[in-house]
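A short write-up of the structure that comes next.
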Amino acid sequence: MTSLHPRDYLPYVAPPVPLVPAGPDALDPLTGASVGHIGTDGVLLDVITAAGRTGTLMLRPATRSCVRITLRMAEVPAEPRVSVVREPAGVHYGVEHPEGEVALDLGELRVRVRLAPFGLEATDREGRVLVRQAGGRRHSGGALTVLPMGVTELAGGGLAYHDSWTAEPDEHFYGLGERFTGPDLRGQRVDCWIQDSMGCTGARSYKAVPWLLSSRGYAVLVDTTAAASFDLAHSNTAAWSVTVPDEVLDYYLVTGTPAECLAAYRDLTGPAMLPPGWAFGPWISGGFTHDTAASVRERAREIRERGFPCDVLHIDTYWQPHGSWSDMRWDRDAFPDPRGLVEELAGQGFHTSLWMNPYIGVGSPYYEEAERERWFLRTADGTSWTGQLWGGHHPDVSLLDLTHPEAVAWFAGRVRDALASGASVLKTDFGEAVPADAVAFNGMTGERLHNLYPLLYNDLVAEATRAVAGGPGLTWGRSSWTGGQRHGAKWTGDADSTWQDLAATLRAGLSLSFTGHPFWSHDIGGFQGTPSPELFVRWAQFGLLSPLSRFHGMTSRLPWAFGPEAYAAVLHAARLRTRLLPHLLSAAADCVRTGEPLARPMALDHPGRPDAHAADLQYLLGPDLLVAPLHAPGGRRQVWFPPGAWLPYAGGAAIGGPGWQEVELPLATAPLWVRVGTALPSGDI
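Following our numbering, the numbering of the sequence shown begins with 98 at its first residue and continues without gaps.
See below:
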C-alpha cells in the first residue's frame with residue numbers, strides 16, 4: 098500500500114541521488130576475512146565478499162577509547178578524507194589472534210573480529226558488549242532483514258557501502274545534526290544531506306553531520322561528504338544501519354559517556370569557536386523587510402531610549418539593492434554613508450551584522466565577469482549551472498565554485514569590501530543548493546561537494562572577517578556539516594510562528610547540542626508569519642535563555658511591537674540574560690575546552706534514566722540552570738527535575754528531583770530554575 102505525502106508537493110532545491118540497486122544480485126556482503134598485517138598502526142584484514150570481490154578492512158587504534166574502521170574494495174580508488182582534521186597519532190594496543198578471530202585491546206575499548214563467517218563486536222573495558230554487527234539477520238523465508246557489512250552495486254554506477262548493528266530495546270540515538278524530528282532519533286530514517294528545510298517541523302535539515310551518539314555508551318563518526326543514510330531501528334526495530342555511497346566506508350567508533358564521546362568528536366573535527374563576548378548579548382534585526390539608514394537609526398534610538406538590552410543590530414538583505422542580494426555592495430540610495438552609519442551605531446554600543454549568501458544573480462553587474470572566468474559550478478556539458486532559488490520572486494542565480502582559487506579570492510574581496518564598512522559579523526545564509534550533478538573546478542561532483550560547500554563558504558567568510566574585523570571570525574550560519582562548529586554561531590532557519598515550530602526548534606537545537614555544535618540560536622517569534630503576543634513572549638523567554646539570542650522575522654520582531662504586557666515580560670527576560678552573562682560566558686569557555694554543549698539535553702547527563710530521554714523539551718543552560726520553555730498556550734507544562742534540588746529563579750520553594758512536576762508560569766515569569774548552591778551574579782541561590 099502506498100500513500101501520498103506532503104513532501105511529494107515540495108520539491109528539493111538540490112535533491113540527493115536516489116540509491117537504486119543495479120539488480121536483484123547487487124547486494125554483496127562480506128563473507129570472510131584473513132589477517133594480512135598486524136603492525137603498530139593497527140590490523141589490516143584482507144576481506145572477500147559473496148560475489149568474490151576482494152578488499153581490505155583496516156582497524157586503526159586512534160586513542161584508548163576510539164578505533165578507526167575503514168572498508169575499501171580493492172578496485173575502488175579512494176578520495177582524500179576531509180571531515181577529520183585532527184587525526185589521532187595512534188595508541189599502543191594489545192592484539193590477540195586465536196584461531197578464527199582477531200581481537201584488539203585499546204584500553205577502554207576492545208574490538209573482536211570473527212573472520213568466518215565475518216562479524217565484529219565492540220566491548221568496553223569491563224567486557225560489556227557495546228554493539229555488535231547485526232547483518233546476518235534473516236526471517237523464516239531466508240531474506241535478509243538488515244543490510245550486512247558489504248557493498249551494493251548501484252544502477253547509476255559505483256558502490257554503496259553499508260553496515261548494520263544491533264539496537265537494544267532500550268537504546269536511544271542522538272546527533273546527526275539539526276533534527277526537527279529529534280533529538281531522540283530511534284525509529285527514524287535520517288539522510289545526511291543538507292537542504293533548505295522550507296520550514297522547521299519536517300525531516301529536512303539545514304545542518305547534517307554523520308555523527309551518531311548512542312545511550313549505550315558509544316558513538317560513530319562517518320568520515321564522508323556523501324549522503325550517508327541512517328536507519329535507526331526504523332525498518333527493523335532490532336538493528337540500526339548506515340549506508341554511504343562513497344569510495345570507502347570510513348568511520349570512527351568511540352566509547353564513553355555522552356560527554357566523553359563529544360570530547361572525542363571535538364578532538365577529531367576541531368574545537369568549537371568561542372564567539373566574542375558581545376555575541377552572547379541580544380541581537381535585534383529589522384527583519385526581512387525593506388530597510389534604510391533612517392530606519393536603522395530609528396531602531397537604534399528607540400532601543401537605547403527604552404533601555405532594552407541589545408549588543409548587535411542586524412541589517413538583513415536590504416542593505417544591498419533589491420534583488421541583487423549577492424553583490425555584497427551597499428544600496429547607496431537607502432544607505433548613502435554606510436561607514437558613517439556603522440560608526441554611529443558603534444558609538445551607541447552596537448555591533449553591526451549584515452546578511453549575505455554565495456549565489457550570484459544572473460542580473461548582477463558581477464555576473465558577466467564571473468561567467469567569463471568560469472567561476473561558477475558547471476553542468477555536465479560545461480555550461481554554468483543556473484537555477485531559481487528564490488521561489489520565482491527574484492532572478493535565477495549561479496553558484497560560486499568555492500573549489501576554484503580565483504573565485505574564492507574574488508569573492509573574499511567582495512566580503513572584505515562589505516566588512517570595510519565596520520560591520521562585525523556576517524549572517525551566512527543559504528549554502529544548501531549545490532546540485533548532485535554539478536561539476537567543480539577541482540573535479541569534485543556535486544554528490545561530494547554538496548555537503549562540503551557550507552564549510553568552504555563559512556571558512557571563506559570567517560577568514561575575511563578575521564582579516565578585516567578582527568576577533569575569531571564569527572559567522573552566523575544556517576547550513577553546516579561535520580566540523581561546522583568551528584564557525585561559531587548557527588541558527589535553526591525559517592520556522593513558522595507557531596507553538597509547534599517553537600517546540601520543533603527547541604528539539605533541533607538539542608539535536609545540535611548532541612552533535613558537537615554548542616552555540617546555536619533561532620529566530621525569536623519564528624521567521625514566517627506573525628506570532629500572537631503570548632507566543633512571542635514564550636519564544637523570547639526561550640530565546641533569551643538559549644546559547645545565543647536573536648530577534649528576527651518576516652514581520653516586526655521589535656520587542657515592543659506586541660503590546661505593553663508582552664513588552665514588559667520580554668524586557669524582564671532580556672535583563673535576566675544580561676544578569677546571567679558572566680555565568681554563560683564562563684560555561685561557554687568550558688564548552689570549547691571540553692566539547693560539551695552550552696544547552697545540555699537531559700539525556701546527556703542522565704543516559705540511564707528513561708525520563709531523561711522523554712524530557713526533550715527542556716535543558717540545562719550550563720551545568721546548573723534548568724530551562725523548560727513553555728511550548729503551548731496557557732502557562733502550564735510538565736517539567737522533569739533532574740537529581741538534586743532546584744529553586745525557581747523567580748522565587749519560591751525548592752523542588753526535589755528526580756521526578757516530573759507540573760508548573761505554572763505567569764506570562765512575565767521566565768522558565769528557569771537554579772540548582773541549589775549555585776553562585777550566580779545576583780547572589781548565592
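In this text, a Cβ means the ideal position worked out from N, Cα and C, and glycines have one as well.
Residue 619 sits in coil when the DSSP states are folded into three classes, being neither helix nor strand.
Burial state of residue 466 is exposed, judged by a 10 Å Cβ sphere holding fewer than 16 other Cβ atoms. Assignment of alpha helix (DSSP H) within the stretch 146-188, counting only whole runs of 4 or more residues, yields no such run. Using a Cβ distance threshold of 8 Å, residue 509 and residue 472 do not count as a contacting pair. Under the three-state reduction of DSSP output, residue 213 falls in the coil class, being neither helix nor strand. Of the residues 768, 746, 328 and 761, the one whose Cα lies closest to the Cα of residue 774 is 746.
Residue 262 is classed as buried because its beta carbon has at least 16 other beta carbons within 10 Å across all chains shown.
Scanning its chain for C-beta atoms nearer than 6 Å, with the 5 sequence neighbours on each side dropped, one finds around residue 561 the residues 509, 512 and 513, in chain order. With 16 or more other CB atoms across the displayed protein chains lying within 10 angstroms of its CB, residue 529 is buried. Membership of residue 697 in the beta strand (DSSP E) is indicated by the continuous run 696-698.
Three or more beta-carbon pairs separated by less than 8 Å link the stretch 354-369 to the stretch 696-706, which places the two stretches in contact.
Three or more beta-carbon pairs separated by less than 8 Å link the stretch 616-623 to the stretch 642-656, which places the two stretches in contact.
Taking C-alpha positions only, residue 143 is separated from residue 132 by approximately 6 Å. At least 8 Å separates the beta-carbon of residue 755 from that of residue 676. Here residue 376 is buried: its Cβ has 16 or more other Cβ atoms, across all protein chains shown, within 10 Å. For residue 715, the secondary structure class from DSSP, reduced to helix, strand or coil, is coil. For residue 637, the enclosing alpha helix (DSSP H) begins and ends at 630-640. The residue among 452, 253 and 326 with its C-alpha nearest the C-alpha of residue 288 is 326. Only exposed fits residue 434, as fewer than 16 other CB atoms lie within 10 angstroms of its CB. DSSP places residue 450 in no alpha helix (DSSP H) but in the uninterrupted beta strand (DSSP E) bounded by 448-453.
Assigned with DSSP and collapsed to three states, residue 202 falls in strand. For residue 275, the closest of 612, 769 and 207 by C-alpha to C-alpha distance is 612.
In this structure, the alpha-carbon of residue 334 lies about 28 Å from that of residue 169. Within the stretch 452-492, the alpha helix (DSSP H) runs of at least 4 residues that lie entirely inside it are, in chain order, 464-469. For the pair residue 777 and residue 382, the Cα-to-Cα distance works out to about 30 Å. The count of Cβ pairs closer than 8 Å, one atom from the stretch 682-700 and one from the stretch 661-668, stays below three, leaving the stretches out of contact.
In the displayed model, residue 582 falls within a helix according to three-state DSSP.
For residue 669, the enclosing alpha helix (DSSP H) has its first and last residue at 661-691. With contacts defined by Cβ atoms closer than 8 Å, residue 453 and residue 389 do not form a contacting pair. DSSP places residue 367 in no alpha helix (DSSP H); its state is neither H nor E.
Scanning 226, 580 and 595 for the CA closest to the CA of residue 614 turns up 580.
The Cβ atoms of residue 273 and residue 318 lie no closer than 8 Å to each other. In this structure residue 606 touches residue 617 by the C-beta definition: roughly 5 Å separates them, less than 8 Å.
In this structure, residue 591 sits near residue 296, with a CB-CB distance shorter than 8 Å. Straight across, the Cα-Cα distance linking residue 185 with residue 559 is about 26 Å.
Collapsing the DSSP output to three states places residue 705 in coil.
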